[in-house]
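Enquirer:
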Amino acid sequence: MNETGTMNEAGGDPIIYLHQVERHYRQGTGALAILEGADLALWPGQSVALVAPSGAGKSTLLHLAGLLEHPDGGEVYIDGMATTALSDAERTHIRRVEIGFVYQSHRLLPEFSALENVMLPQMIRGLKRAEAIRRAEEILSYLGLRDRLVHRPAELSGGEQQRVAIARAVANAPRVLLADEPTGNLDPHTAEHVFSALTQLVHATGVAMLIATHNMELAARMDRRVTIREQKIVELD
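Be aware that the sequence shown starts at 16, since it is given in the working numbering, and climbs by one per residue.
In structure tokens, the structure reads:
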């Protein structure tokens, strides 16, 4: 079975599987089809680049995979669990535990330090403050930010801010990392550092990463590349 199915060559189940997913948006008196019978599977430790023109549905796909939107048809499985019929509370719990998000805009809380931005999602999940501090320091140091722990976002460079956002996204040890143009606002040199941080984390933690990007040079260095064509998800290469 190919990589959009339910098994890879090494065997085993994907951590995330979109099966025959459909998504439409109202447009005037009709509907605009974004995805029609789309399939996509991601396995632990695998980095997948989503490359497609603007307006093709990249953000929609990420929102469906991250349980931020409901599909109009099909099913989204997280670790083998069907999610479309779950309550909002159950879907929110899965997002907190299983999924991390990195956006083009870092979305850090400006009044908090880098350390505090990474601590907060852990404390919301129920981790004690001392343990949240320890884990946040460990992740930020791993990403080369040991000397920037107490700095607020306005005191950090763009690349540093994005690395803090990455640290925040993986603070709760998610099994899936979704990134929407995370290097889109960065210069090529800084983008390289941020991309290296992402791939480093994928290899170190075994998280499955789906990253929407226009940067074909970076996409070429990922394990797989997919696109959206005629409302389907298509493997490239």
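Glycine included, every Cβ here is placed at the ideal spot set by N, Cα and C.
For Leu233, I'd like the list of residues in its chain whose CB is within less than 6 Å of its CB, leaving aside the five on either flank, ordered along the chain.
Expert: To locate residue 233, count along the sequence shown from 1; it is residue 218. The answer, listed in chain order, is Phe210.
Enquirer: Which value, in whole angstroms, describes the spacing of the CA atoms of Val249 and Gly81?
Expert: Numbered from 1 along the sequence shown, position 234 holds the residue referred to as residue 249. Numbered from 1 along the sequence shown, position 66 holds the residue referred to as residue 81. Those two C-alpha atoms are separated by around 19 Å.
Enquirer: Any heavy atom of the ligand NAD within a distance shorter than 7 Å of the CB on Ile148?
Expert: Of ligands this structure carries none, so the ligand NAD is not represented either.
Enquirer: Out of curiosity, what's the CA-to-CA distance linking Val241 and Met231?
Expert: Numbered from 1 along the sequence shown, position 226 holds the residue referred to as residue 241. Numbered from 1 along the sequence shown, position 216 holds the residue referred to as residue 231. Distance between the alpha carbons of Val241 and Met231 is about 12 Å.
Enquirer: Less than 8 Å between C-beta atoms, sequence neighbours within five positions excluded: which residues of the same chain meet that for Ala46?
Expert: In the sequence shown, counting from the first residue as 1, residue 46 sits at position 31. Correct list, in chain order: His39, Tyr40.
Enquirer: Just to confirm, are Leu33 and Val117 a CB contact at a threshold of 8 Å?
Expert: Position 18 of the sequence shown, counted from the start, is the residue given in the question as residue 33. Position 102 of the sequence shown, counted from the start, is the residue given in the question as residue 117. Contact: no.
Enquirer: Tell me whether Gln35 is buried or exposed, calling it buried when 16 or more other Cβ atoms sit within 10 Å of its Cβ.
Expert: On the sequence shown, position 20 is the one that residue 35 refers to. So Gln35 counts as exposed.
Enquirer: If you compare alpha carbons, which of Leu65, Gly27, Ile49, Glu37 is closest to Leu193?
Expert: Mapped onto the sequence shown, residue 193 falls at position 178. Among Leu65, Gly27, Ile49, Glu37, the Cα nearest to that of Leu193 belongs to Leu65.
Enquirer: Between Asn200 and Gln119, what straight-line distance do the alpha-carbon atoms span, to the nearest angstrom?
Expert: Counting from one through the sequence shown, the residue named residue 200 turns up at place 185. Counting from one through the sequence shown, the residue named residue 119 turns up at place 104. In a straight line, the C-alpha of Asn200 is about 7 Å away from that of Gln119.
Enquirer: Could you check how far apart the C-beta atoms of Leu123 and Leu225 are, in whole angstroms? I think they sit under 8 Å.
Expert: Start at 1 with the first residue of the sequence shown, and residue 123 comes out as number 108. Start at 1 with the first residue of the sequence shown, and residue 225 comes out as number 210. About 22 Å separates the two Cβ atoms, so there is no contact after all.
Enquirer: From Ile93 to Lys247, what distance separates their C-alpha atoms?
Expert: Against the sequence shown, residue 93 aligns to sequence position 78. Against the sequence shown, residue 247 aligns to sequence position 232. Using only the alpha carbons, I get a separation of about 20 Å.
Enquirer: What are the residues that DSSP puts in a beta bridge with Met96?
Expert: For this step, residue 96 is matched to residue 81 along the sequence shown. Answer by DSSP bridge pairing, in chain order: Ile93.
Enquirer: Looking at the secondary structure, which residues open and close the beta strand (DSSP E) in which Lys247 lies?
Expert: Numbered from its first residue, the sequence shown carries residue 247 at position 232. Element bounds for Lys247: 247-250.
Enquirer: To the nearest angstrom, how far is the alpha carbon of Ala182 from that of Leu158?
Expert: Counting from 1 along the sequence shown, the entry for residue 182 is found at position 167. Counting from 1 along the sequence shown, the entry for residue 158 is found at position 143. The alpha-carbon atoms of Ala182 and Leu158 are separated by roughly 8 Å.
Enquirer: Would Leu77 and Ala129 qualify as a contact pair, given that the criterion is a beta-carbon distance under 8 Å?
Expert: Residue numbering aside, residue 77 sits at position 62 when the sequence shown is read from its first letter. Residue numbering aside, residue 129 sits at position 114 when the sequence shown is read from its first letter. For Leu77 and Ala129, no; Cβs fall outside 8 Å.
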